[in-house]
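Residue numbers (the numbering used here): 523 to 1097. Glycine included, C-beta positions come from ideal geometry on N, C-alpha and C. Accompanying notes for the structure given below.
See below:
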């Protein structure tokens, strides 16, 4: 069992020579044991890599004799102490790990000298390099190759393997150049979900590219199994070996299935690791009958267009800078990323009276920082679609679907219902698939007003047709008036101070927050507004700390103000 110990004899009946050896999972969260594993791997010419679990064979004195870790579905960091390599310690250890995985297919990244051991346990070779091999114990690659072989094609075929994180004008330029040189151009998106934009979004960006055959990504090209250091941009001896494995697997398995004779890559003047990867392809692929074509990078105003520049602009909250480097079809995903940024910035702000943050759960007993993060992750897939909504019905349906997904992820706790409502309207007001730049604040407010009115009317039944916008309160009233206090007051203060805490206090002092009203009533809600205004006028961190303590004790949580802070941060980033 994971976390326990057991005699190897329990796993390999009749192997009496192992009676003094034990298998154990090392608690890597403890510095002492992590250092022990790192020393063991270092003594065996391996660098420690992050793993979910690490298992070892130890002797009676606790010395590590052999070890192997697992990350996702990949076994790695496999080693046997030199003086024990003739004792057959590897097979029982790997059998133990396989047994804990519930029969799922696994891959292993290891030294060539362990090939026989793994083949005896049902693994088969996928790719090899001078210093490492990659094996698998299931039919995953075989099934993927069959899928690739069935894709439509004609004439001369080429391929581009693309992360598109996000898809830029530079990526589009690469594909346009490649399309002119082949009859069929396959695009394989990197599937590993450790990028700024999730795989589903990156693949959707590529669906808008005309003329290419877009395949599904896999774990067999630039993945945690074949090339983990790609995502760390770590140019090292380990990355050199991983590149060789990745290219070997492509040449032996992927390319023949697609029938490609040319692989296109973008020139890489800035990233040393990608540049080396391109060089290795040019060296290795010709022996398999595949040429490598390096396409010069697109430049705007003399500067290379890169996805890293787009990501940097988004992290800094500059939509216009990111939009200039990307096709219009990508802009809804940029807006989605900025909406997520706003939600995370609100969540990550400490010292928020009564609210969940990195330092406290505030007045809440049913939610914490981790739960709020899960809520944000759950609604993200719907945000880009909200930016593209063409009707109020679509927007409402997307909002309801996002809310359902959020409640499922949080086990029924409402973490972001208000944020879904206000950000959904703002995204729809800002969106548009061919938008090059956003408009003025006046145009944005007018868009919000029109969308909000239609959406709000959709929320009332026929029996409620007597309602008027003047009868609305709270979040609905704010939307109906196009978030006038935000543009008039909160946004200017945020831009002046760049202080989420001060902006939150201003919002709390002016907002009719139904979250506070429902918790403590109208009289106390008015005092909350007054207390926030007084603290803002005489601001101090100590005063803010004391207000946090009091509101947590009294059960006061200005959730509506938190939603408006996130909306303020979002509007700041797009206008």
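I think residue 651 touches residue 763, with their Cβ atoms under 8 angstroms apart; what is that distance to the nearest whole Å? What you label residue 651 is simply residue 129 of the chain shown in a count that begins at 1. What you label residue 763 is simply residue 241 of the chain shown in a count that begins at 1. Yes, they are in contact, since the Cβ atoms of residue 651 and residue 763 sit about 5 angstroms apart, within 8 angstroms.
Out of 1060, 923, 859, 636, point me to the one whose CA is closest to residue 611's CA. On the chain shown, position 89 is the one that residue 611 refers to. The shortest Cα separation from residue 611 among 1060, 923, 859, 636 belongs to 636.
Considering only residues of the same chain and omitting the five flanking positions on each side of residue 676, which have a CB-CB separation below 7 angstroms? Within the chain shown, numbered from 1, the residue matching residue 676 stands at position 154. Here the set comprises 705, 706.
For residue 1040 and chain D, any beta-carbon pair shorter than 9 angstroms? No chain D is present in this structure, which holds just one protein chain.
Cβ neighbour criterion (16 or more within 10 Å) applied to residue 549: Here residue 549 refers to the residue found at position 27 of the chain shown. Exposed is the call here.
Check whether the region 811-828 touches the region 778-788, taking contact to mean three or more Cβ pairs, one atom from each stretch, closer than 8 angstroms. yes
What number of angstroms, rounded off, separates the C-alpha of residue 708 from the C-alpha of residue 726? Residue mapping note: residue 708 aligns to position 186 of the chain shown, counting from 1. Residue mapping note: residue 726 aligns to position 204 of the chain shown, counting from 1. Looking at the two C-alpha atoms, the distance is approximately 15 angstroms.
8 angstroms CB neighbourhood of residue 791 in its chain, flanking five on each side removed: Within the chain shown, residue 791 is the residue found at index 269, counting from 1. Closer than 8 angstroms at Cβ, skipping near neighbours: 797, 819, 826.
On a CA-only basis, which of 1082, 731, 1088, 1018 is nearest residue 1032? Give me that one, please. As a position in the chain shown, residue 1032 is number 510, starting the count at 1. Of the listed residues, the one whose Cα sits closest to residue 1032 is 1082.
Nonlocal neighbours in the same chain, by C-beta distance under 8 angstroms from residue 1015, ignoring five residues either side: Reading the chain shown from its first residue, position 493 is the one you call residue 1015. Closer than 8 angstroms at the Cβ level, and outside the excluded window around residue 1015, lie 1024, 1025, 1028.
Going by alpha carbons, who is nearest to residue 569 out of 585, 584, 948, 601? Start at 1 with the first residue of the chain shown, and residue 569 comes out as number 47. Nearest of 585, 584, 948, 601 to residue 569, Cα basis: 601.
Which residues DSSP lists as bridging residue 597, in chain order: Here residue 597 refers to the residue found at position 75 of the chain shown. According to DSSP, which records beta bridges pairwise, residue 597 is partnered with 592, 630.
Contact belief for residue 510 with residue 1069 at Cβ below 8 angstroms, rounded distance in angstroms: This structure cannot speak to residue 510, because the chain is shown only from 523 to 1097.
Along the beta strand (DSSP E) that carries residue 576, what are the first and last residues, could you check? Residue mapping note: residue 576 aligns to position 54 of the chain shown, counting from 1. Unbroken beta strand (DSSP E) run through residue 576: 575-580.
Judging by CA-CA distance, which residue of 962, 668, 639, 616 is the nearest neighbour of residue 608? Here residue 608 refers to the residue found at position 86 when the chain shown is read from its first residue. With respect to the C-alpha of residue 608, the residue from 962, 668, 639, 616 having the closest C-alpha is 639.
Is the CB-CB distance between residue 928 and residue 879 below 9 angstroms? Taking the first residue of the chain shown as 1, we reach residue 928 at position 406. Taking the first residue of the chain shown as 1, we reach residue 879 at position 357. No.
Let me know if residue 511 comes out buried or exposed under the rule of 16 or more other beta-carbons within 10 Å of its beta-carbon. With the chain represented from 523 up to 1097, any question about residue 511 goes unanswered, as that position is not in the structure.
Beta-carbon contacts of residue 615 that lie in its chain and below 7 angstroms, excluding the five residues immediately before and after: Counting from 1 along the chain shown, the entry for residue 615 is found at position 93. Contacts found: 545, 577, 579, 588, 590.
Assess, as a yes-or-no matter, whether the region 882-896 is touched by the region 909-918 under the definition of 3 or more beta carbon pairs within less than 8 angstroms. Between the region 909-918 and the region 882-896 there are fewer than three inter-stretch CB-CB distances shorter than 8 angstroms, so the stretches are not counted as touching.
Under the rule that 16 or more other beta-carbon atoms within 10 Å means buried, what is residue 1044, buried or exposed? As a first step, residue 1044 is located in the chain shown; it is residue number 522 there, counting from the start. Answer is exposed; the Cβ neighbour count stays below 16.
Residue 1087 versus residue 860 - alpha carbon distance: Walking along the chain shown from the start, residue 1087 turns up at place 565. Walking along the chain shown from the start, residue 860 turns up at place 338. Taking the straight line joining both Cα atoms gives about 14 angstroms.
How big is the Cα-Cα spacing for residue 1011 and residue 1018? Here residue 1011 refers to the residue found at position 489 when the chain shown is read from its first residue. Here residue 1018 refers to the residue found at position 496 when the chain shown is read from its first residue. If I take the Cα positions, the gap works out to 11 angstroms.
Should residue 700 be labelled buried (16 or more other beta-carbon atoms within 10 Å of its own) or exposed? As a first step, residue 700 must be located in the chain shown, where it is residue number 178. The residue in question, residue 700, is buried, as its Cβ has 16 or more Cβ neighbours within 10 Å.
Would you mind reading off the limits of the beta strand (DSSP E) that contains residue 785? As a working mapping, residue 785 is identified with position 263 in the chain shown. Where residue 785 is concerned, the enclosing beta strand (DSSP E) stretches over 782-788.
Using the three-state DSSP reduction, which class does residue 990 fall into: helix, strand or coil? As a first step, residue 990 is located in the chain shown; it is residue number 468 there, counting from the start. Reliability fails at residue 990, whose pLDDT of 46 lies under 50, so the model's placement of it is uncertain and no value is given.
Hey, could you find the ends of the beta strand (DSSP E) residue 618 is sitting in? Residue numbering aside, residue 618 sits at position 96 when the chain shown is read from its first letter. Here residue 618 belongs to no beta strand (DSSP E); instead the alpha helix (DSSP H) covers 612-622.
Based on Cα-Cα distance, which residue from 604, 593, 659 lies nearest to residue 617? Within the chain shown, residue 617 is the residue found at index 95, counting from 1. Of the listed residues, the one whose Cα sits closest to residue 617 is 659.
Just checking my contact of residue 688 with residue 832 at CB under 8 angstroms: how many whole Å lie between their CB atoms? Reading the chain shown from its first residue, position 166 is the one you call residue 688. Reading the chain shown from its first residue, position 310 is the one you call residue 832. Between residue 832 and residue 688 the Cβ distance is about 6 angstroms, and since that is below 8 angstroms, they are a contact.
Take residue 917 as the anchor and find which of 942, 794, 885, 737 has the nearest alpha-carbon. Residue numbering aside, residue 917 sits at position 395 when the chain shown is read from its first letter. Residue 917 has its Cα closest to that of 942, out of 942, 794, 885, 737.
Which one or two residues does DSSP pair with residue 654 in a beta bridge? In the chain shown, counting from the first residue as 1, residue 654 sits at position 132. Answer is 651, bridged to residue 654.
Please report the straight-line C-alpha distance between residue 905 and residue 1049, rounded to a whole angstrom. If you number the chain shown from 1, residue 905 lands on position 383. If you number the chain shown from 1, residue 1049 lands on position 527. Near 35 angstroms, if we compare the C-alpha coordinates of residue 1049 and residue 905.
What are the boundary residues of the alpha helix (DSSP H) that residue 911 is part of? For the purposes of this step, residue 911 is identified with residue 389 of the chain shown, where counting begins at 1. No alpha helix (DSSP H) holds residue 911; DSSP gives it neither H nor E.
Counting Cβ pairs closer than 8 angstroms, one from the region 657-671 and one from the region 682-696, do we hit at least three? no
Per DSSP, residue 711 forms a beta bridge with which residues? Numbered from its first residue, the chain shown carries residue 711 at position 189. Beta-bridge partners assigned by DSSP to residue 711: 684.
Closest Cα partner of residue 1072 within the set 945, 903, 882, 723: On the chain shown, residue 1072 is found 550 positions in, with the first residue counted as 1. It is 882 whose Cα lies nearest to the Cα of residue 1072.
Just to confirm before moving on: does the CB-CB distance between residue 735 and residue 808 stay below 9 angstroms? In the chain shown, counting from the first residue as 1, residue 735 sits at position 213. In the chain shown, counting from the first residue as 1, residue 808 sits at position 286. The answer is no: Cβ separation not under 9 angstroms.
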